[in-house]
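S.K.: Here it is: the structure, laid out below.
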Amino acid sequence: TQLLEQSPQFLSIQEGENLTVYCNSSSVFSSLQWYRQEPGEGPVLLVTVVTGGEVKKLKRLTFQFGDARKDSSLHITAAQPGDTGLYLCAGGETSGSRLTFGEGTQLTVNP
Amino acid sequence: DTAVSQTPKYLVTQMGNDKSIKCEQNLGHDTMYWYKQDSKKFLKIMFSYNNKELIINETVPNRFSPKSPDKAHLNLHINSLELGDSAVYFCASSHVGRSTEAFFGQGTRLTVV
Numbered sequence: 004t005q006l007l008e009q010s011p012q013f014l015s016i017q018e019g020e021n022l023t024v025y026c027n028s029s030s031v032f033s034s035l036q037w038y039r040q041e042p043g044e045g046p047v048l049l050v051t052v053v054t055g056g057e058v059k060k061l062k063r064l065t066f067q068f069g070d071a072r073k074d075s076s077l078h079i080t081a082a083q084p085g086d087t088g089l090y091l092c093a094g095g096e097t098s099g100s101r102l103t104f105g106e107g108t109q110l111t112v113n114p
Numbered sequence: 036d037t038a039v040s041q042t043p044k045y046l047v048t049q050m051g052n053d054k055s056i057k058c059e060q061n062l063g064h065d066t067m068y069w070y071k072q073d074s075k076k077f078l079k080i081m082f083s084y085n086n087k088e089l090i091i092n093e094t095v096p097n098r099f100s101p102k103s104p105d106k107a108h109l110n111l112h113i114n115s116l117e118l119g120d121s122a123v124y125f126c127a128s129s130h131v132g133r134s135t136e137a138f139f140g141q142g143t144r145l146t147v148v
């Protein structure tokens, strides 16, 4: 079974600060996705990375896929209270439809 | 237009009862899933259907039985509910490919009392 470890598990910061969330595995994934979940809602896809070393930017969010396709990071610049939520990474297996989720990082951005 | 919709959103029931959760997607995806999210927010896959065929069946008690009448629907029936079944259950759908991106419903919060 492939496992994804996310760190940190909890993060509470002030508005305007930068932060990085990490997602690590000993397994290779065909793709790596990041989702954000707000209370009472389902996870919503933010980005998918598929190529080793790939970097994608979504406004103040920067996502990177490790060269070996085993790890990923999410960096948020100048965090805002609206960024508050549960961030989940998920790895797609090469063999098919299974997505393996990390344990999540609960981010709180205080005004 | 709701992409993945599941009902009900909340379900409170007594131990020993049988209940069902329904899910429908209008995205034209070929694969649907049931996930369970526990109190620590960990999302664990339970089942996956591809074109109505069961392709992932994790270690889930056989009190849980999924049914997919067609590609757009995946229901979950739970028999003899137990306290430990309390969780949020999410339905999701995707089109299987190199990057399998899942689209989730709003979740069903099941509370067994």
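First to last, the protein sequences are chains R and S. For the record, in the first sequence the residue sitting at position 11 is 14 according to this note's numbering, with numbers rising by one throughout. For the record, in the second sequence the residue sitting at position 39 is 74 according to this note's numbering, with numbers rising by one throughout. In this text, a Cβ means the ideal position worked out from N, Cα and C, and glycines have one as well. It should be emphasised that the depicted structure is a prediction, and the values quoted were computed from it without experimental measurement.
1) Say whether the segment 39-52 of chain S touches the segment 101-111 of chain R, bearing in mind that this needs 3 or more beta-carbon pairs closer than 8 Å, one atom from each stretch.
2) Assuming S:Lys-81 is part of the beta strand (DSSP E), what are its boundary residues?
3) Using 8 Å as the threshold, is the C-beta distance between R:Arg-39 and R:Gly-88 below it?
4) Please classify R:Ser-30 as buried or exposed, where buried requires at least 16 neighbouring CB atoms within 10 angstroms.
5) If you compare alpha carbons, which of S:Arg-144, S:His-112, S:Asn-114, S:Ser-74 is closest to S:Phe-125?
6) Which residues in chain R sit within 7 Å of S:Glu-136, going by Cβ to Cβ distance?
7) If we count the other Cβ atoms within 10 Å of its Cβ and call it buried at 16 or more, is S:Gln-60 buried or exposed?
8) Do we get a CB-CB distance below 8 Å when we pair R:Gly-45 with the residues of chain S?
9) Determine, using beta carbons only, whether R:Gly-56 and S:Gln-141 come nearer to each other than 8 Å.
M.R.: Let's see:
1) no
2) As a working mapping, residue 81 of chain S is identified with position 46 in the second sequence. For the sequence presented, residue 81 of chain S should be read as Met rather than Lys. Residues 78-85.
3) Within the first sequence, numbered from 1, the residue matching residue 39 of chain R stands at position 36. Within the first sequence, numbered from 1, the residue matching residue 88 of chain R stands at position 85. A contact, by the Cβ cut-off of 8 Å.
4) Numbered from 1 along the first sequence, position 27 holds the residue referred to as residue 30 of chain R. When all chains shown are included, R:Ser-30 counts as exposed.
5) Translated into positions along the second sequence, residue 125 of chain S becomes position 90. Comparing Cα-Cα distances from S:Phe-125 to each of S:Arg-144, S:His-112, S:Asn-114, S:Ser-74, the minimum goes to S:Arg-144.
6) Looking up residue 136 of chain S in the second sequence gives position 101. Under the 7 Å cutoff, chain R gives Gln-36, Leu-48, Thr-51.
7) Indexing the second sequence from 1 puts residue 60 of chain S at position 25. The residue in question, S:Gln-60, is buried, as its Cβ has 16 or more Cβ neighbours within 10 Å.
8) The sequence position of residue 45 of chain R within the first sequence is 42, counting from 1. Interface residue, yes.
9) Along the first sequence, read from residue 1 onward, the residue named residue 56 of chain R stands at position 53. Along the second sequence, read from residue 1 onward, the residue named residue 141 of chain S stands at position 106. No, they are not a contact pair.
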